[in-house]
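What follows is a single structure, written as structure tokens, with notes after it.
Residue numbers (this note's numbering), protein chains in the order written: chain A, 731 to 1189; chain B, 2 to 551.
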């Protein structure tokens, strides 16, 4: 089937014998996390003998042209072209330099039209025309003037166009294979977790969201998703330039049973799917009703200072990605939205956090938000300079709990200098690493606790 | 591997087989939970009549600012094979782009005669650089001739949606009516807490009222919705990173001040934006260069399209100004604990119009014990400039958030506007903001400067020379001598705080003529200054000499 657009362009070209490839017989997509996909089209091609150009309609509008590979038996590939010189009014005029255009002037008083032929001399700053023996600037008089071009240059395109110039010894009628990388296709994992605090349980659902902003609809595609951070060179804002190199493979042959790609996980979607342009498609991949999870309060201070206003403690929900804990799956990176049920049993959104690619057996702690009712007021009660390099800081942390249940707050003092030690602590703490200490402060329901300690630090 | 198995079972429906399509036109009931950071969780209940076979279920009338990956469709009683969100919308740019190769009609109107002439054309290019069409006579660029030109399209390209559509494919199952729950997060909603404090200064009493100010910046209308708001600071991710917040990642917002700033910036942006402005900006305007002299004039004519059925910003401004205040005697919004946040539920179903602001009371504590005092905080770096100056003291209203003091309610952060009782009426005395305040935590407002209560700092600064003693202790001692005067006809409570410099947190006060207390690490003196009286306070504050401290 000839695509309508190319039929129109064809009217203006006609220099080279042009053929269109047919519709896809097979279409495979390997979609990566990072706005990147490997696309493979298998199309029937019917060619007469001779040198000719074959245009590929319906390829991704965000194709990375230098990654295109075309393979067909009995067809000699002469060159591959990717034309992205877009057909715009400015380009049209520029390409008409040295050529003739027709001007139609409209008399503003009478509406009468007069027509004349002009030669385009320049388009720098304005369009300079030679009309007979006079030189004029187009529409310098502000009067309405239409410019009519006889033809549109062959090498200007309404859309970027992929074509190959081939030489065929004998007429062929066969399938050809076209593969390339494209931007605009990506997938992400999204998780919904409903936290049941009294039961210390999370109910987790995972969704794969495919999104297609490539400008093209992919119909009846065999799709597979690859999880893992691929190295992509030359990151330049959203449009990553790609040097894909060795990780590339001939995708799509046996996507259902393909082994994992090197160090990445591959998730094939077994049935053919259509991904429309500007569509988000969600498919479920995980459902775990009873994941053991606990909630904790924590706060970190990286300086020694007094504050008038209390600081809120952070709430975290911890769970293990293990079989014992009710999960134990390889989780692709994504955003986890956490919900809790309100007094009427309706799930309400309580916060979101991002998880990285998480292998089974990992521990996860989701940051939910700040506790409204658990606050800490820090006071630096005294400093004592021991010597030029060492100072004692006497801290007092007032922890308030306005909740009707007791809590334990983990308070951390971190980013300490190389030499550090704690003395005179009101609650036994622990060293968590070379430059931090932590204390677990229990606070009664609707109560207050004070943690005091002296921390010596120096260098 | 179990996950792999799960994925293999992602049964995407076989294509080609035409599926039954059911359109749910509207929800039976809607619940709207508004968060402070300009989004809402919308939960809809919809009744659908499902056939036994596999079916595509389309949900009409979802709020079009929805974040597609946040959509959850529950209680379908069947396997959800896939969810789709199509947002290839009808816009001027899309209409042109998708009409390439199609026939269009070009109408040119003669300005002199008013006569319109029509010509058939084929659209051959439409992109950011402009639009080119071909008539039988040749190729021409649209809106480059200076003539009024209009392009008419025969039809809307089939794959463009009039509005974004949320749909799911359901597997075959038991037929019959079901109530399906559709929930998603949508942008363009917000709320704030506003307080009115009527203060009786003589009696040290305050009547505190709290209002929820709900805002809908979207074009969605809710006729009868269950509305909740959530108070507290959620951990959020930026929308660009597939999160829910347009304010950026919470972890990058370091403190309450920067959060408050980000919220007010966003509020201004939302209040001044119109939905249609984006729509118009999408149109292609490019031309070849023509006479430089005509360029400005020609440009002026281009926005003609913008005036076509667009809403002016004035209209929207008026709409926003129309704040609907529910009756004062209306029952209060009900509070409940939601996880570690406070949630307020409006106990009746309410309507929330497009671009509407609505206020509902959530707190009324008629008799709160307060303390009104006048204060100043001294700091060593500020004192040098203040020498010999008279400074007015700040007016503070403080309270402790406990039942014993007549309060004991969580207070979501917001602006407190203080009105002083003045005979039968009241006067506006100033405002301040409070952060989220749980029960048990004291609050202190600073509502302005008092012209009647002032402090004179009288400290000969040349007295602060390094002495032998200061060399030994590595400190200099600044003598501070304050006299606080009260021009009011009643005694006032005064609080003087002595703080430390930011980079020298070591603070030593000695030889004070009044005994100091401590407040948030500072030294603090509290005393009463009699009517038309004066009180002196002097002390020495030690400042460390060396700078390589810490």
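Heads up, the beta-carbon is just placed ideally off N, CA and C, and yes, glycines get one too.
The beta-carbon distance between residue 246 of chain B and residue 71 of chain B, rounded to whole angstroms, is 12 Å. This is too long to meet the 8 Å contact definition. Nearest to residue 754 of chain A by alpha-carbon distance, out of A:1142, A:951, A:914, A:793, is A:951. Within its own chain, the residues whose Cβ lies closer than 6 Å to the Cβ of residue 1128 of chain A, once the five positions on either side in sequence are excluded, are 1107, 1180, listed in chain order. Contact annotation: in the segment 1136 to 1164 of chain A, no residue has its CB less than 9 Å from a CB in chain B.
With a contact defined as Cβ atoms closer than 8 Å, residue 117 of chain B and residue 107 of chain B miss out at about 10 Å. Contact of residue 248 of chain B with chain A is not assigned, every C-beta pair being separated by 9 Å or more. Here residue 242 of chain B carries a helix assignment [DSSP, helix/strand/coil]. At the C-beta level, residue 446 of chain B and residue 399 of chain B come within 9 Å of one another. Using a Cβ distance threshold of 9 Å, residue 232 of chain B and residue 194 of chain B count as a contacting pair. With fewer than 16 neighbouring CB atoms inside 10 Å of its own CB, residue 808 of chain A falls in the exposed class. The continuous stretches of beta strand (DSSP E) do not include residue 93 of chain B, which lies in the alpha helix (DSSP H) extending over residues 93 to 98. Here the alpha carbons of residue 110 of chain B and residue 230 of chain B stand approximately 55 Å from one another. Note that the C-beta distance between residue 942 of chain A and residue 1008 of chain A is below 9 Å. Rounded to the nearest angstrom, the Cβ distance from residue 228 of chain B to residue 35 of chain B is 7 Å, consistent with a contact under 8 Å.
In summary, the residues of the segment 519 to 545 of chain B whose CB is separated from some CB of chain A by less than 9 Å are 519, 520, 521, 522, 523, 545, in the order they occur in the chain. Residue 436 of chain B has no beta-bridge partner at all, per DSSP. Assignment of residue 404 of chain B by DSSP, reduced to helix, strand and coil, places it in the helix class. Between the beta-carbon of residue 892 of chain A and that of residue 768 of chain A there is about 15 Å, and that puts the pair past the 8 Å contact cut. Per DSSP, the beta bridge partners of residue 776 of chain A are A:903.
A Cβ-Cβ contact shorter than 9 Å links residue 362 of chain B with residue 211 of chain B.
DSSP lists A:1120, A:1149 as the bridge partner or partners of residue 1188 of chain A.
Interface flag for residue 439 of chain B against chain A is set, since a Cβ pair is found closer than 9 Å. Residue 288 of chain B is positioned such that its CB atom lies no closer than 9 Å to that of residue 874 of chain A.
Per DSSP, the beta bridge partners of residue 480 of chain B are B:541.
Per DSSP, reduced to three states, the secondary structure at residue 918 of chain A is strand. Listed in chain order, the non-local C-beta contacts of residue 867 of chain A below 8 Å within the same chain comprise 856, 857, 858, 859, local neighbours out to five positions each way being set aside.
Excluding five sequence positions before and after residue 846 of chain A, the CB atoms of its chain that fall closer than 7 Å to its own CB belong to 833, 861, given in chain order. Contact of residue 343 of chain B with chain A by beta-carbon distance below 9 Å involves 1102, 1103. Closer than 8 Å at the C-beta level to chain A, one finds these residues of the segment 218 to 237 of chain B: 229, 231, 232, 233, 234, 235, 236, 237. At least one C-beta of chain B is nearer than 9 Å to the C-beta of residue 1176 of chain A. With fewer than 16 other beta carbons inside 10 angstroms of its own, residue 814 of chain A counts as exposed.
Residue burial is scored here from C-beta neighbours: residue 337 of chain B has fewer than 16 other C-beta atoms within 10 angstroms and is therefore classed as exposed.
Beta bridge pairing from DSSP links residue 374 of chain B with B:397, B:494.
The Cβ of residue 434 of chain B sits no closer than 9 Å to any Cβ of chain A. Residue 997 of chain A and residue 1134 of chain A have their C-alpha atoms roughly 46 Å apart. Boundaries of the beta strand (DSSP E) around residue 1163 of chain A: 1160 to 1163.
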